[in-house]
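S.K.:
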């Protein structure tokens, strides 16, 4: 009987996992992926073949015109047409390349533009190293000090004559700061103390507080004095602003507007959220008035109406008026982006800052604004890209930026009627610049983990 019960009891089954199946051969490699995504049905296959055919013929005609049948060496447009009537005449763009980059800047003085741009890039290079402390101050120094160095190189002149004493002093301080940055960077890489540590024993005998700060100021002033003695013996040929142009002028306008957009936008955004009626309505009026008209209208107003409201003895050049207009336009749009970020901050952040005893200024600078700017990086970078493209509108009011220089190629007696090639070149150039800014924005979002 017991044996019968044992036989009737259910037998426990042992779980045996099924071995994983290898992927289908059609999904392996690039050909499998294309087949799975583009040829998985009759409709997708027909659509893929149609699109591939259109792209093939489009690429073929573009390459034939721009590369294979193009003319790169010629003396004039007639010679280009005789050599290859169906190809692009890049010889005209090559002959005007210097003007497209530097505008009407004197050829013998164009080395100053190259050095100025190189110094701007070198100034920002230490930001790539995470070993340097207080990197934000390097960025702030570039914003506040580099314009004096750039203006000295681009405008030229001599200290105390064409160049004012204040401008000369700020230029010396800027160059001294750059030298100290790199000296401390090199010394820290070698495992040694920075230049400002040399004056710590001397300063400690005179004061008891802020010893390191005062020692840094002492080194800064000493290096600036040495630079001032050297630059006082140098005289650069003055170049009026009217001679600036080309891509060089485009970078000046776009760089200045991008740099000032965030500070102006922060002030206007905080002013619009202010509880003080005067500040609130004034900020809101500026934002809505500027955002309700296109940029070209703001530029015309700055060039034609701004001098009317100024004293008779005060006169600004056209570039200064354009910079003010573009900065105001960019700041108004940036204010709305920043205001959106401020509204997204939870109320608990304000309460936490108040619990810690922080005032309004410290709450905004240390707690609220960093989070708001971090969340609005995609919108901010989109505004920067749009601003870079909008700078080409200054050619309408007579500034010789890269767009106006490209139009002047068609007015040259040797290249009359050549419009397409310069515009294609500018389109490719702006695509490279805007795409690079977009990729940098994506990289910055990943580093700051914006989506978290």
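Residue numbers (the working numbering): 126 to 577.
Where a beta carbon is used, it is the ideal one built from N, C-alpha and C, also for glycine.
Just so we're clear, the structure is a prediction, and the values are computed from it rather than from any experiment.
1) Residue 313 to residue 319, Cα distance in whole Å?
2) Leaving out the 5 sequence neighbours to the left and right, which residues in its chain are closer than 8 Å to residue 151 when beta-carbon positions are compared?
3) Report the three-state DSSP secondary structure of residue 291 (helix, strand or coil).
4) On a CA-only basis, which of 507, 474, 505 and 173 is nearest residue 491? Give me that one, please.
5) Return the first residue and the last residue of the alpha helix (DSSP H) that residue 432 is part of.
6) Are residue 224 and residue 530 closer than 7 Å when you measure CB to CB?
7) Just checking my contact of residue 297 with residue 343 at CB under 8 Å: how many whole Å lie between their CB atoms?
8) Consult DSSP for residue 284 and reduce its assignment to one of helix, strand or coil.
9) Given a cut-off of 7 Å on the beta-carbon distance, is the pair residue 330 and residue 394 in contact?
10) Taking the alpha-carbon of residue 303 as reference, which of 291, 268 and 383 has the nearest alpha-carbon?
11) Assign residue 401 to one of three DSSP states: helix, strand, or coil.
12) Quick one: grab the DSSP three-state call for residue 481.
13) Look at the alpha carbon of residue 418 and the alpha carbon of residue 263, and state the distance between them as a whole number of angstroms.
14) Run the CB neighbour count on residue 295, radius 10 Å, all protein chains shown included, and call it buried at 16 or more, exposed below.
15) Give me the Cβ distance between residue 497 and residue 452, rounded to the nearest whole Å; I'm assuming they're in contact under 8 Å.
16) Can you tell me whether residue 520 is buried or exposed, with buried defined as 16 or more other CB within 10 angstroms of its CB?
17) Which whole runs of the alpha helix (DSSP H) in the stretch 335-375 are 4 residues long or more, in chain order?
18) Using 8 Å as the cut-off, can you tell me whether the stretch 495-515 makes contact with the stretch 553-564, which would need three or more C-beta pairs spanning the two stretches below that distance?
19) Nearest-angstrom Cα distance between residue 242 and residue 372?
20) How long is the line joining the alpha carbons of residue 384 and residue 466, rounded to whole angstroms?
21) Could you pull the start and end residues of the alpha helix (DSSP H) that residue 544 belongs to?
22) Please confirm whether residue 221 and residue 534 have their CB atoms less than 7 Å apart.
23) Might you give, ordered along the chain, the residues of its own chain that have their beta carbon closer than 7 Å to the beta carbon of residue 180, omitting 5 neighbours on each side?
24) How long is the line joining the alpha carbons of residue 261 and residue 499, rounded to whole angstroms?
25) Would you report the Cα separation of residue 442 and residue 249, rounded to the nearest angstrom?
26) Select from 572, 546, 573 and 503 the residue whose C-alpha is nearest the C-alpha of residue 563.
27) Residue 196 to residue 204, Cα distance in whole Å?
28) Are residue 325 and residue 311 closer than 7 Å when you measure CB to CB?
29) Measure the alpha-carbon distance for residue 568 versus residue 561 and round it to whole angstroms.
30) Tell me whether the beta-carbon of residue 282 lies closer than 7 Å to the beta-carbon of residue 290.
31) For residue 467, report the span of its alpha helix (DSSP H) as first-last.
32) Since residue 547 and residue 368 should fall inside the 8 Å C-beta cutoff, what is the C-beta to C-beta distance between them, to a whole number of angstroms?
33) Compute the distance between the beta-carbons of residue 299 and residue 345, then report whether it is under 7 Å.
34) Which term fits residue 501, buried or exposed, when burial requires 16 or more other beta carbons within 10 angstroms of its beta carbon?
35) Put residue 196 into one of helix, strand or coil per three-state DSSP.
36) Excluding the 5 residues flanking residue 448 on each side, which residues of the same chain have their C-beta closer than 8 Å to its C-beta?
M.R.: The relevant details are as follows:
1) 7 Å
2) Here residue 151 scores only 49 on pLDDT, less than 50, and its place in the model should not be relied on; the value that follows carries that caveat. Within the same chain, residue 151 has close Cβ partners 157, 160 and 161.
3) Note: residue 291 maps to helix in three-state DSSP.
4) 474
5) It is not in any alpha helix (DSSP H) - residue 432 carries neither H nor E in the DSSP assignment.
6) yes
7) At roughly 15 Å, the Cβ-Cβ gap does not stay under 8 Å, so residue 297 and residue 343 are not in contact.
8) strand
9) no
10) 268
11) In this structure, residue 401 counts as coil in the three-state DSSP scheme.
12) coil
13) Cα to Cα, the separation comes out at about 36 Å.
14) buried
15) 21 Å between Cβ atoms; not a contact.
16) buried
17) 336-356
18) They touch, by the three-pair rule.
19) 12 Å
20) 19 Å
21) It is not in any alpha helix (DSSP H) - residue 544 carries neither H nor E in the DSSP assignment.
22) Yes, the pair counts as a contact, with Cβ atoms nearer than the cut-off.
23) none
24) 15 Å
25) 29 Å
26) With distances taken between Cα atoms, residue 563 lies closest to 503.
27) The straight-line gap from Cα to Cα measures roughly 9 Å.
28) At the C-beta level, residue 325 and residue 311 stay beyond 7 Å of one another.
29) 11 Å
30) no
31) Segment 443-468, the alpha helix (DSSP H) holding residue 467.
32) Residue 547 to residue 368, Cβ: 21 Å. No contact.
33) No.
34) buried
35) strand
36) 378, 381 and 382
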